[in-house]
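> For reference, the structure I am asking about is given below.
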Amino acid sequence: DAGVTQSPTHLIKTRGQQVTLRCSPKSGHDTVSWYQQALGQGPQFIFQYYEEEERQRGNFPDRFSGHQFPNYSSELNVNALLLGDSALYLCASSFTGTTKTQYFGPGTRLLVL
Amino acid sequence: SQQGEEDPQALSIQEGENATMNCSYKTSINNLQWYRQNSGRGLVHLILIRSNEREKHSGRLRVTLDTSKKSSSLLITASRAADTASYFCATDDQGGSEKLVFGKGTKLTVNP
Numbered sequence: 005d006a007g008v009t010q011s012p013t014h015l016i017k018t019r020g021q022q023v024t025l026r027c028s029p030k031s032g033h034d035t036v037s038w039y040q041q042a043l044g045q046g047p048q049f050i051f052q053y054y055e056e057e058e059r060q061r062g063n064f065p066d067r068f069s070g071h072q073f074p075n076y077s078s079e080l081n082v083n084a085l086l087l088g089d090s091a092l093y094l095c096a097s098s099f100t101g102t103t104k105t106q107y108f109g110p111g112t113r114l115l116v117l
Numbered sequence: 005s006q007q008g009e010e011d012p013q014a015l016s017i018q019e020g021e022n023a024t025m026n027c028s029y030k031t032s033i034n035n036l037q038w039y040r041q042n043s044g045r046g047l048v049h050l051i052l053i054r055s056n057e058r059e060k061h062s063g064r065l066r067v068t069l070d071t072s073k074k075s076s077s078l079l080i081t082a083s084r085a086a087d088t089a090s091y092f093c094a095t096d097d098q099g100g101s102e103k104l105v106f107g108k109g110t111k112l113t114v115n116p
């Protein structure tokens, strides 16, 4: 049973560019959440998708957007990249209606130069 | 904003010793979870404790929850070098929000 997968593992972009990160949830899960983790900090919630809709959003600007596909996989898009967007981006999946345990993928490390 | 605050920020012990990490949070919760992170990679779920539970065990892990003090502790017994990692507590909230709010974590080093 495959766990949560993310691609790519590493990415280098320059300021002003746009980036798309991808996530496939654990088998049987229908909810995907995205988190940003800066160096030395805990993960910060970006948003959550369920039934192809953004269900909840954290304190992140509109430059951060997402999408969930019918197969429950998800994308995180960041426009107009800033140096401060450099971080580890983590995807987590869960099954709505259960104990809410979220299972995390290995993350995508984004470096903005 | 970060809800949970882990204490200590860093902990260094010898193999075989026990490690205790604490977490405090601010608002009422439904569940509290502990995660482990190795070298800045993905988080591994360790244990979930519900707000109506006071203690939970899983292998060498023991978690306690005191909702009156809004605090939790994670005890790792008979630690191993492989336990070296950062440990985070994460809370949801009673409002039904499914987002997790993490603290800054405790960096545990277990010396062989």
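Residue numbers (the working numbering), protein chains in the order written: chain A, 5 to 117; chain B, 5 to 116. Beta carbons are placed, not taken as given, at the ideal position from N, Cα and C, and that holds for glycine. On a predicted model such as this, the values are computed, not experimentally measured, just so you know.
Expressed to the nearest angstrom, what Euclidean distance is found between the alpha-carbon atoms of residue 55 (chain B) and residue 20 (chain A)?
44 Å
> Under 9 Å Cβ-Cβ, which residues of chain A neighbour residue 102 (chain B)?
35, 37, 52, 54, 59, 60, 98, 100, 104, 106
> Going along the chain, which residues of its own chain have a beta-carbon closer than 8 Å to the beta-carbon of residue 7 (chain A), five neighbours each way excluded?
30, 107, 109
> Any idea if residue 65 (chain A) is buried or exposed, counting beta-carbon neighbours within 10 angstroms, 16 or more meaning buried?
exposed
> Which residues, in chain order, does the segment 77-98 of chain B contribute to contact with chain A at a C-beta distance below 7 Å?
92, 96
> In chain order, which continuous runs of the beta strand (DSSP E) of length 3 or greater are located wholly inside the segment 62-89 of chain A?
68-72, 78-82
> Excluding the 5 residues flanking residue 14 (chain B) on each side, which residues of the same chain have their C-beta closer than 6 Å to its C-beta?
Exclusion of the five residues before and after residue 14 (chain B) leaves 111 as the residues of its chain whose Cβ lies within less than 6 Å of its Cβ.
> Let me check understanding here. Comparing Cα to Cα, which of B:42, B:44, B:78 lies closest to residue 4 (chain B)?
With chain B covering 5 to 116 only, the question about residue 4 (chain B) has no answer from this structure.
> Report yes or no: do the segment 78-93 of chain A and the segment 9-27 of chain A share at least 3 C-beta pairs separated by less than 8 Å?
yes
> In its own chain, which residues sit with a C-beta less than 8 Å from the C-beta of residue 20 (chain B), not counting the 5 before and 5 after it?
Excluding positions up to five away in sequence, the list reads 82, 83.
> Give the residues from the segment 48-79 of chain B that approach chain A closer than 7 Å (Cβ to any Cβ), ordered along the chain.
49, 52
> Applying the 10 Å Cβ sphere with the 16-neighbour rule, what's the burial state of residue 100 (chain A)?
exposed
> Between residue 103 (chain B) and residue 62 (chain B), what straight-line distance do the alpha-carbon atoms span, to the nearest angstrom?
24 Å
> What are the residues that DSSP puts in a beta bridge with residue 68 (chain B)?
B:59, B:77
> Under three-state DSSP, which class holds residue 87 (chain B)?
helix
> Listing by chain order, which chain C residues have their CB less than 7 Å from the CB of residue 64 (chain A)?
Absent from the structure is chain C; the protein chains it does hold are A and B.
> So for residue 42 (chain A), helix, strand or coil by DSSP?
coil
> Tell me whether the beta-carbon of residue 76 (chain A) lies closer than 8 Å to the beta-carbon of residue 33 (chain A).
yes
> Using DSSP's beta-bridge definition, name the partner residues of residue 37 (chain B).
Per DSSP, the beta bridge partners of residue 37 (chain B) are B:52, B:94.
> Identify each residue in the segment 65-97 of chain A for which the Cβ-Cβ distance to at least one residue of chain B is less than 7 Å, and report them in chain order.
92, 94
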